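The structure under discussion appears below in the form of structure tokens.
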Amino acid sequence: MKKFVHLQGQSFELDPVCGMKVDPQAPPFQVEFRGKKYYFCSKACKHIFERMPEKYLKSDQDAQL
Numbered sequence: 281m282k283k284f285v286h287l288q289g290q291s292f293e294l295d296p297v298c299g300m301k302v303d304p305q306a307p308p309f310q311v312e313f314r315g316k317k318y319y320f321c322s323k324a325c326k327h328i329f330e331r332m333p334e335k336y337l338k339s340d341q342d343a344q345l
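Residue numbers (my numbering): 281 to 345.
As structure tokens, this is what we get:
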């Protein structure tokens, strides 16, 4: 899964839990994990990530291979 999307002059991060586009300039929710910021569309996605971050990081790393 791509984590960064650029559309019509505006950049977005993708929520690692649900894949929804999030504006990194005004994210509703964010978490720093292992020195990197992750952005979330909702409190629920943020909490899901916080409980099992490796699950979402692993799927992200697999997509980059």
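No residue lacks a Cβ here, since even glycine has one placed at the ideal position from N, Cα and C. Because the structure is a prediction, the values reported are computed rather than measured.
With residue i as the anchor, note down where its beta strand (DSSP E) starts and where it stops.
i	result
Q290	Q290 to L294
Measuring CB to CB, does residue i end up less than 8 angstroms from residue j?
i	j	result
E312	V302	no
P304	S291	yes
Kindly indicate the opening and closing residues of the alpha helix (DSSP H) around residue i.
i	result
A306	First-last for A306: undefined, no H or E at that position.
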